[in-house]
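Heads up, the thing below is written out as structure tokens.
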Amino acid sequence: MNNISFNKFYRKFNILSLILIITSLIFLIIKGLNYGVDFKGGTLIELRTNDKTNNITMIRDSFNQMNLGDVSVKKFGNETDFIVKFEKQNSNDPEFIKNIQNKLSSSIGDVDFRRVENVGPKVSSELLKSGIIAISLSLAAMLLYIWIRFEWQFSLGAILAIFHDVIITLGIFSIFSLEINLSIVAAVLTIVGYSMNDTVVIFDRVRENLRKYSDIKIYELTNISINETLSRTIITSVTTLLALLSIYLFGGEILKGFSLAMILGVIFGTYSSIYIANPILVVLNVSQRTIVKKEKD
Amino acid sequence: MLYFSKLRIISVIIFTIIFSYFALSNFTKLDDRFFSKNINLGLDLQGGSYLLLEIDNRPVITQRLQAKIIELKRYFKEKEISLKNFSLNGDTITFETQEQDLEQVSKLLNDKESDINQYYQSYKSHEFDVIENNNLFNLNYSRYGLVLLKNASLDQAIEIVRRRVDEVGTNEPNILKRGNDRILVELPGLDDPNRIKSLLGKTANLTFQFISQNSEESFGTEKLSFEDDDREAIVSKRIILSGDNLVDAKPTMNSQTNETVVSFSLDRVGAKKFGKATSTGVGKQLAIILDGKIISAPTVREPIVGGSGQISGNFTFQSATDLALLLRSGALPAPLNIIEERTVGPDLGQDSIDAGILSLIIGFLLVIIFMIYKYRAFGLIANLALITNLFLLIGILTLFEATLTLPGIAGIILTVGMAVDANVLIFERIKEETKSEKNPIIAFDAGYTKSRTTILDANITTLIAAFILFFMGSGPVKGFSVTLGVGILTTLFSVYFIARLLTSLYVVKNKEKEQLL
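First to last, the sequence lines map onto chains A and B. For what it's worth, my numbering labels the leading residue of the first sequence as 1, then goes sequentially. For what it's worth, my numbering labels the leading residue of the second sequence as 1001, then goes sequentially.
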């Protein structure tokens, strides 16, 4: 069996986590998130040009002439593929997209609109609201579940670990201005599930060991439990990361953000089950009495 | 217990085979008489358009309120109660009564048997909320009155939208109600949604009105502009005929002028009205007005009594076809706005499928190789369970004809990565148990038993996340939650039935070996 003294580093990693969380929060508050059209409203066009000489500047210039508000143009995978995003979206004019395509063709030659997303302000604010509700609801549901299955000290540890993962993942998205869209919400929810999953496995072992050994202090006990479950933690993280890496590398441009969020989430989820969830149990001084008392009730 | 009854083994095998067959049926092109279900591909994979339309009910409400005023006037006149100062302020109808009628008016409006302000037993509410103050009555649509009005107008709009979409002839359109003022239109396989968008964007309110010679007319006049150019004309507000009286419309060629026109035929009432109006109006210009714009204003040369006619107006064949289509399908009760559009071209869809399948295969192989490296024979067992898991997952999605989206494929790949977790938990537990227990059969049994609660806990948490995503998410994200959620269930099955069966067979056969795992 492994015998690594994880507990020696509880404090150091807690400080590191705190710094990461504070940095993330600062970025989230000051810089905010880079919302995609799903949440901000506006228009997204993925286009493919037939002419290889077309570059970002040319495309941006042609769009700028159309008076569409703030325009952003980015390469999207292929040499000839671009993503164009702008603020304007026109629900009253069904010819809106057609006109853009015509104007574009006349200025830079034939273009193929591979994907068009056009989201009105009302819909985008609804989507944002339902995204926030979904994440809050899942956190609440997890809290409830773990509260039923474990004692409150464990629930607190697990929930703090989840908050840690979600905040840092979103913080990284803020720092690097990565786009937040509907699929990122799905990724965050899955991160919540995964982080919980990982924490629960260790907590189950902690509880089992609490019953088994009455004379070992929680500080030691968490370390034993982490070590006993360590190979499983690593193997599962590796297989999950292998799958995600495969999506990131081969799954196409559309899934890049989604898989990146998940990769970050899995890494932080694994880390937090060891270094956030367990130290909380130590701080709250969980002992055999904590669980025995409940089982007597 | 490592013992499996024969019945259980057989049912597990049969179950697996059936679902694998379902899964594989997606890939065979054969015409299958027993099982003809397929996984639906989402719009992001097969290409197509998703349109969310919102109905703008304001004109309908105003129209209804105006009609209500006329109705109220008539109703109270019959009852010989005189009301005065009728007016419409925003969405409120106001009128005054005389002191002595106050009680009776109030009773007529608030009675549950009221003829003029209908009471809905099921909602416990009248159509209108009535507020009386100093002989002054204020009538507002009640919450439920408004809901009913909106629902009726939405139902009507959906019907018209369906007719228009069907006329264009796309394959398997999906038209659904969303809330009480939205319509969701999904058009799979459509590569150019522009035509449908412009067809749905038109209310198609057709009227025939005379161009006014003198601006003083009893019905009042309005200034309207022409469709093609900036010319304007003063038109009488009297509506001779509206699109409601049309029974058919089609594009034709006018043999004399050699231009494309839309010819229409009218129902009996329409034909009568049209004949009467055109016989008194010979020499006048008759404006043909669509959605507040004059298409053309030909001069009436002779009475048109046959109940059919032609609309000319610089049409191309395409625009004449579209106008005929709009006229045939009828007018929308209110304008529709496209508040959300997502269109994916078919080649991007195919690229997404290819990328999705490639990453699935690679992810799958990586996991399989890693498991064999880590657990050898048991890795093989876990992999067999994983493959079965994949077949079951796809089989179930096929059985329920679920919609597979690109995030859905990501969900399958993620399931592959996470599915081995349960087996890993069990194997690691068994390893621990073998340290204190020399009998491998007992150790394996203990490994399974002791890891069970952990596995359940761990999977239920992910299942919760999937459930919430399913109910809150939309479109592609919903597809992800479906594969993730179903993936957890098939994982549990494959671990506890397939892998456990294989493990026990292996352990019983090799129990003499020194180190099994």
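Beta carbons: idealized from backbone N, C-alpha and C, even for Gly. All of these numbers come straight from a predicted model, not from anything done at the bench.
Residue i, enclosing beta strand (DSSP E) - first and last residue
i	result
E1088(B)	The amino acid at residue 1088(B) is misidentified as Glu; the sequence shows Leu. Run containing L1088(B): 1084-1089, per the beta strand (DSSP E) assignment.
P1188(B)	1182-1188
S1296(B)	1293-1296
R1162(B)	Per DSSP, R1162(B) belongs to no beta strand (DSSP E); it is in the alpha helix (DSSP H), 1143-1168.
N1459(B)	Counting along the chain, N1459(B) falls outside any beta strand (DSSP E), though it belongs to the alpha helix (DSSP H) covering 1440-1472.
E1127(B)	Counting along the chain, E1127(B) falls outside any beta strand (DSSP E), and DSSP gives it neither H nor E.
Residue from the options whose Cα sits closest to the Cα of residue i
i	options	result
F1315(B)	I1131(B), N1254(B), G1408(B)	N1254(B)
G1485(B)	I1017(B), I1441(B), E1428(B), G1411(B)	G1411(B)
P1251(B)	L1241(B), D1244(B), V1262(B)	V1262(B)
L210(A)	F86(A), I45(A), R289(A)	R289(A)
V286(A)	E208(A), D38(A), N92(A)	E208(A)
L1241(B)	I1338(B), A1355(B), D1230(B), G1275(B)	G1275(B)
D1115(B)	E1127(B), L1053(B), S1122(B)	E1127(B)
Y35(A)	S155(A), I184(A), I226(A)	I184(A)
A1067(B)	D1091(B), G1047(B), Q1213(B)	D1091(B)
S1005(B)	N1040(B), K1511(B), F1497(B)	F1497(B)
H164(A)	L16(A), F6(A), N3(A), S5(A)	L16(A)
I1160(B)	G1356(B), T1491(B), L1176(B)	L1176(B)
7 Å Cβ cutoff, residue i in contact with chain B
i	result
E126(A)	no
M66(A)	no
V283(A)	no
A141(A)	yes
K74(A)	no
L44(A)	no
N2(A)	no
A277(A)	no
G109(A)	no
F103(A)	First, the amino acid is wrong: residue 103(A) is Lys here, not Phe. Closer than 7 Å: no.
E87(A)	no
G69(A)	no
N92(A)	yes
N55(A)	no
E117(A)	yes
G269(A)	no
Closer than 7 Å to chain A by CB, residue i
i	result
G1518(B)	What is shown of chain B runs 1001 to 1517, which leaves residue 1518(B) out entirely.
A1458(B)	yes
I1160(B)	no
K1197(B)	yes
G1345(B)	yes
I1464(B)	yes
L1325(B)	no
T1203(B)	no
G1363(B)	yes
Residue i - containing alpha helix (DSSP H), residue span
i	result
Y219(A)	218-250
K1431(B)	1406-1436
E151(A)	Unbroken run through E151(A): none, as it is neither H nor E.
G1275(B)	1268-1280
M1253(B)	Counting along the chain, M1253(B) falls outside any alpha helix (DSSP H), though it belongs to the beta strand (DSSP E) covering 1246-1254.
K1197(B)	1194-1200
Any non-hydrogen atom of the ligand FMN closer than 6 Å to residue i Cβ
i	result
I1338(B)	The ligand FMN is not among the ligands present in this structure, which contains no ligands whatsoever.
Report the residues of the segment 1409-1443 of chain B with a CB closer than 9 Å to any CB of chain A, ordered along the chain.
I1409, A1410, G1411, I1413, L1414, T1415, V1416, G1417, M1418, A1419, V1420, D1421, V1424, L1425, F1427, E1428, R1429, K1431, E1432, K1435
Could you tell me whether the segment 1448-1465 of chain B touches the segment 137-150 of chain A, where touching means 3 or more Cβ pairs closer than 8 Å?
Cβ pair count under 8 Å is three or more, so yes.
Can you give me, in chain order, the residues of the segment 1329-1343 of chain B that have a beta carbon less than 7 Å from any beta carbon in chain E?
Absence of chain E from the displayed structure is noted, the protein chains being A and B.
Does the segment 261-273 of chain A come within contact of the segment 1363-1382 of chain B, defined as at least 3 CB pairs closer than 8 Å?
no
Would you be able to state if there are at least three C-beta pairs under 8 Å between the segment 3-20 of chain A and the segment 276-284 of chain A?
yes
Determine, using beta-carbon pairs with one atom in the segment 234-254 of chain A and one in the segment 1413-1429 of chain B, whether at least three such pairs fall under 8 Å.
yes
Quick one, which residues of the segment 167-188 of chain A are near chain B if we go by CB-CB under 8 Å, in chain order?
L182, S183, V185, A186
Taking beta-carbon pairs under 9 Å, can you tell me which members of the segment 241-262 of chain A lie near chain B?
L241, L242, A243, L244, L245, S246, I247, Y248, L249, F250, G251, G252, E253, I254, L255, F258, S259, M262
Does the segment 81-94 of chain A come into contact with the segment 37-53 of chain A, if we say contact requires no fewer than three beta-carbon pairs (one atom in each stretch) closer than 8 Å?
yes
For the segment 1290-1305 of chain B, enumerate the residues whose C-beta is nearer than 9 Å to any C-beta of chain A, in chain order.
Interface annotation for the segment 1290-1305 of chain B against chain A: empty, criterion Cβ-Cβ distance under 9 Å.
Determine, using beta-carbon pairs with one atom in the segment 1106-1120 of chain B and one in the segment 1150-1169 of chain B, whether at least three such pairs fall under 8 Å.
no
Which residues, in order along the segment 146-166 of chain A, keep a beta-carbon less than 7 Å from a beta-carbon of chain B?
R149
Between the segment 1207-1214 of chain B and the segment 1274-1290 of chain B, do three or more beta carbon pairs fall short of 8 Å?
yes
Is the segment 1075-1095 of chain B close to the segment 1217-1226 of chain B, with three or more CB pairs under 8 Å?
no
Quick check: the segment 1421-1434 of chain B against the segment 223-232 of chain A, are there 3 or more CB pairs under 8 Å?
yes
Scan the segment 196-221 of chain A for residues whose Cβ lies nearer than 7 Å to a Cβ of chain B and list them as they occur along the chain.
M196, N197, V200, V201, D204
Do the segment 1187-1198 of chain B and the segment 1052-1069 of chain B touch if we need at least three Cβ pairs shorter than 8 Å?
no
Three or more C-beta pairs below 8 Å linking the segment 47-66 of chain A and the segment 93-113 of chain A
yes
Stretch pair the segment 1502-1510 of chain B + the segment 1475-1483 of chain B: three plus CB contacts closer than 8 Å
no
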